[in-house]
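First up is the structure itself, then whatever we jot down about it.
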Amino acid sequence: EEQVIVLREKLAEMYESEHQWSKAAQMLSGIDLDSGIRVLDETYKLSKCVQIARLYLEDDDAVNAEAFINKASFLVSNSPHEVLNLQYKVCYARILDLKRKFLEAALRYYDISQIEKRQIGDEEINEDALEQALSAAVTCTILAAAGPQRSRVLANLYKDERCSKLKIYPILQKVYLERILRKPEIDAFAEELKAHQKALLPDNVTVLDRAMIEHNLLSASKLYTNISFEELGTLLGIAPQKAEKIASRMIYEDRMRGSIDQVEAVIHFEDDTEELQLWDQQIVGLCQALNDILDSMTSKGV
Amino acid sequence: MDIEQRQTEIIDHFVKQAEVMEAASLSALVLEATSHPSLFAFSEILSSPNVHKLEGTRYSSSRDLLRLFAYGTWNDYRSNAGCLPALLPDQVRKLKQLTVLTLAETNKVLPYDQLMQEIDVSNVRELEDFLINECMYVGIVRGKLDQLRRCFEVQFAAGRDLRPGQLNNMIQTLANWVCTSDNLLQTIQEKIKWADAMSEAYKKHRKEIEDRAEDVKKSL
Amino acid sequence: DNSLLRQVSSLLRRLPTMESEKFQDDFL
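Sequence order for the protein chains is A, B and C. This note's numbering numbers the first residue of the first sequence as 8 and each following residue consecutively. This note's numbering numbers the first residue of the second sequence as 1051 and each following residue consecutively. This note's numbering numbers the first residue of the third sequence as 338 and each following residue consecutively.
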């Protein structure tokens, strides 16, 4: 077995040098890490699992990569090896991303982007890598299905001053402020996306389209008391029937509050705060405005 | 940061510039000020001495334009276009934004038809896009669009420069508000007293009933 | 001060706009 392992590692190295990532991964995956004959130490096992997963991810093969990352998950919890742990985290985030579990991926990317050390073992952590992780966190959050949890993550990212330096910041700002995104902005954002983030979903809509339509629908709910589906379709850039279908699904999934009048072909948006609360807020706003004026009068010596 | 805070620095900047400029360059300043995306108030610049001096010169139309942006609307411009300089697209947008603010001064519910007529747009989509992108997202108004009733409900609108004579209205409105609030507080006080009295009476009545019940029990 | 006046003017627009008796009760 010893010779077989050496042989496999050598071959894998050659495949890797020729960028034949999956073949290299398959070569390494032939190593029996759980053999009863030879006892391998935990760090070696973990390093092999992570290495195989990374090779599969080079070809965006999330399914095989996940298998090895799952294996690694039993080893990583008590591994003292920081570099391997970090590589494990990066692989896990990328697998979630490839599997379109965008919100979970965003949280993992964001976690990675907050690493403070610049030197882990013999591996140097450069700013670009951290910025890339942060940008990936923003992209995945924007692509995630609209809803309360996504809003919380968006708020975190928007308030993180490092984000203001990212190229994607203008989109993050608009999405956070729940503003309607227009087609040119969406197209510019799409250029930054990876292939799997633009893949078609079963109902013939891309991930990006669905995220943008749902986002714009929620933004419209902040601007309109009610709107006809015809106008809503124009606003969202889709057919009125499709607009109604997406709106009804979001209401059904409790990700947007409202009601649909199919006879009039109109949707009525409801605020998620009670009438009385709204009234209270207006009074609070009024008093706040009055206070502001009094403050500025004081500061001007009036 | 609200619109007033944002534009304070911009106003200071233009006022300082106006203080050291000649008439010819003041025209360029007026153009720049009335095109600035974050500036919606012009009375400070208007009251600058050098701007006053434009009166009666060949640059007086710049001063008239500044006064229009301080107090006027898009319709005002159209009815005086002959004696005012042609506007750039940024200035046109600005004047239409200011028109919405003026309309919001007198009404909280602005009908689409009136808005479309006042800011010269031909369809609902164009009107709503203007209200969304150029007004609500810029932060000068907050409110809700209602397509069924074809109206825009204003919740907040930034203040424009006060036209001469508007101050008295303002003082009157404030006085009314104070009076209303006093009445309201007094009414609340009265209601509290009333509630107390009622609860006292209720307790007393309840006790009487219980006493009588006790008597009846004893006698039985 | 123009800036203060503008702020007050904006504040006035947020005040209750109806003085009717019925509103008085509802307002309470």
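Ideal Cβ positions, reconstructed from N, Cα and C, are used throughout, including at glycine. A quick note: this is a predicted structure, and the numbers were derived from the prediction, not measured.
8 Å is my cut-off, CB to CB: does N233 (chain A) come that close to chain B?
Taking CB atoms only, N233 (chain A) has a neighbour in chain B less than 8 Å away.
Buried or exposed for A151 (chain A), please, with buried defined as at least 16 other CB atoms from any protein chain shown within 10 angstroms of its CB.
Residue burial annotation: A151 (chain A) is buried, with at least 16 other C-beta atoms found within 10 angstroms of its C-beta.
Starting from the beta carbon of R186 (chain A), find every residue of chain B whose beta carbon is closer than 7 Å, and list them in chain order.
By Cβ distance, chain B contributes Y1187.
Cα separation between A1083 (chain B) and K1103 (chain B)?
So the alpha carbons of these two residues sit roughly 18 Å apart.
Tell me the residue span of the alpha helix (DSSP H) that contains S266 (chain A).
First-last for S266 (chain A): 265-268, but that is the beta strand (DSSP E), not the alpha helix (DSSP H).
Using the Cβ count rule (16 or more neighbours within 10 Å means buried), how would you classify Y1127 (chain B)?
Y1127 (chain B) should be labelled buried.
Residue range of the unbroken alpha helix (DSSP H) whose run includes K1268 (chain B):
For K1268 (chain B), the uninterrupted alpha helix (DSSP H) run begins and ends at 1216-1269, by DSSP.
Assign Q1055 (chain B) to one of two classes, buried (16 or more other C-beta atoms within 10 Å of its C-beta) or exposed (fewer than that).
With fewer than 16 other Cβ atoms within 10 Å, it is exposed.
Can you tell me where the alpha helix (DSSP H) with T232 (chain A) in it begins and where it stops?
Not the alpha helix (DSSP H): T232 (chain A) falls in the beta strand (DSSP E), residues 231-235.
Which residues of chain C have a Cβ atom closer than 8 Å to the Cβ of T1123 (chain B), listed in chain order?
Within chain C, no residue comes near T1123 (chain B); the closest Cβ sits about 16 Å away, beyond 8 Å.
Can you give the Cα-Cα distance for E1094 (chain B) and I1061 (chain B), rounded to whole angstroms?
One C-alpha to the other measures close to 7 Å.
Given this structure, state the Cα-to-Cα distance separating K172 (chain A) from L164 (chain A), to the nearest angstrom.
Cα to Cα, the separation comes out at about 12 Å.
Using a Cβ-Cβ distance cut-off of 8 Å, determine whether R351 (chain C) contacts chain A.
Under the 8 Å criterion on CB atoms, R351 (chain C) is classed as interfacial with respect to chain A.
If I follow the unbroken alpha helix (DSSP H) through D210 (chain A), where does it start and stop?
No residue range can be given for D210 (chain A), since it is assigned to no alpha helix (DSSP H) and is classified by DSSP as neither H nor E.
I need the DSSP call for H26 (chain A), collapsed to helix, strand or coil.
Three-state result, H26 (chain A): coil.
Reference E138 (chain A); option with closest CA among A:R169, A:K124, A:E89
Nearest of A:R169, A:K124, A:E89 to E138 (chain A), Cα basis: A:R169.
Under 8 Å between C-beta atoms of L225 (chain A) and A272 (chain A):
In this structure, A272 (chain A) does not lie closer than 8 Å to L225 (chain A) by Cβ.
Could you compute how far the alpha carbon of A206 (chain A) sits from the alpha carbon of S84 (chain A)?
Take the alpha-carbon of A206 (chain A) and the one of S84 (chain A): they are about 34 Å apart.
Using a Cβ-Cβ cut-off of 6 Å (strictly less than) and excluding sequence neighbours within five positions of L62 (chain A), which residues of its own chain qualify?
W28, A31, A32.
Closest by CA to Q94 (chain A), which one among A:I258, A:I127, A:P247?
If you compare the alpha carbons of A:I258, A:I127, A:P247 with that of Q94 (chain A), the shortest gap goes to A:I127.
Please state if the CB of A112 (chain A) and the CB of C147 (chain A) are separated by a distance shorter than 8 Å.
By the CB criterion at 8 Å, C147 (chain A) and A112 (chain A) fall inside the cutoff.
Do L230 (chain A) and M1186 (chain B) have their beta-carbon atoms positioned less than 8 Å apart in this structure?
In contact: M1186 (chain B) and L230 (chain A) (Cβ atoms closer than 8 Å).
Residue from A:E130, A:R262, A:Q269, A:C294 with nearest C-alpha to D279 (chain A)
Here the closest residue by C-alpha is A:R262.
Please report how far the alpha carbon of H26 (chain A) lies from the alpha carbon of I122 (chain A), in whole angstroms.
Distance between the alpha carbons of H26 (chain A) and I122 (chain A): 29 Å.
Can you tell me the Cα-Cα spacing of G43 (chain A) and D210 (chain A), whole angstroms?
Approximately 48 Å between the Cα atoms of the pair.
Quick one, are the C-beta atoms of L1116 (chain B) and L1096 (chain B) less than 8 Å apart?
Contact: yes.
Where L1138 (chain B) and L1145 (chain B) are concerned, what is the direct C-alpha to C-alpha distance, given to the nearest angstrom?
Cα to Cα, the separation comes out at about 11 Å.
Where do the N-terminal and C-terminal ends of the alpha helix (DSSP H) with F1119 (chain B) fall, by residue?
Residues 1110-1121.
Whether V1204 (chain B) touches K1158 (chain B) by CB criterion (8 Å)
Between V1204 (chain B) and K1158 (chain B), the gap from beta carbon to beta carbon is short of 8 Å.
Are the C-beta of V97 (chain A) and some C-beta of chain F separated by less than 8 Å?
Although the question refers to chain F, the structure presented lacks it and instead comprises the protein chains A, B and C.
Could you tell me the distance, in whole angstroms, from the CA atom of L352 (chain C) to the CA atom of W286 (chain A)?
Between L352 (chain C) and W286 (chain A), the C-alpha separation is close to 12 Å.
Is there contact here, the segment 1239-1255 of chain B with the segment 1182-1199 of chain B, by at least three beta-carbon pairs under 8 Å?
The segment 1239-1255 of chain B is not in contact with the segment 1182-1199 of chain B.
Beta-carbon proximity check, F236 (chain A) vs A227 (chain A), cutoff 8 Å:
Annotated as distal: F236 (chain A) and A227 (chain A), with beta-carbon spacing of 8 Å or more.
Would you mind working out which of B:R1210, B:A1251, B:L1224 sits nearest T1123 (chain B), comparing C-alpha positions?
Ranking the options by Cα distance to T1123 (chain B), first place goes to B:R1210.
What's the gap between the Cα of Q10 (chain A) and the Cα of E16 (chain A)?
Using only the alpha carbons, I get a separation of about 10 Å.
Strictly below 8 Å CB to CB, what residues from chain B border V273 (chain A)?
By Cβ distance, chain B contributes Q1197, L1198.
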